[in-house]
Amino acid sequence: ALEAPFHVRSAYAVAMGKEPSFTSKTSSFTATMDYIFVGDVFEVADVLPLPEECAPCPNEDHPSDHLPIGASLRMKPNS
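In the numbering used here, each residue's number is its place in the sequence shown (first place is 1) plus 130.
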């Protein structure tokens, strides 16, 4: 197991209560491979929505084999 001297959490798990179904999808592979890790001094205000299903990538809507991810963060007061 990987350990760090500080606590981090996944922005998507915080905002949605779970990790996305996938962040990379090809004709032979589907997995959640991309994360935004945030420390305890941040609140996750929002995350970029991800599809529950899509055609294998790259495709017309997603020109990469990874979907774009993003998060809006706020610094917690008194941090």
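The C-beta atom is built at its ideal place from N, Cα and C for all residues, glycine as well.
For Ala201, the enclosing beta strand (DSSP E) starts and ends at 201 to 205. Measuring C-alpha to C-alpha distances from Asn189 to each of Met146, Ala141, Ser157, Phe152 identifies Ser157 as the nearest. Note that the C-beta distance between Ala141 and Val168 is below 8 angstroms.
Looking at Thr162, Ile166, Asp176, Val174, the one whose alpha-carbon comes closest to that of Glu182 is Thr162. DSSP places Val144 in the uninterrupted alpha helix (DSSP H) bounded by 141 to 146.
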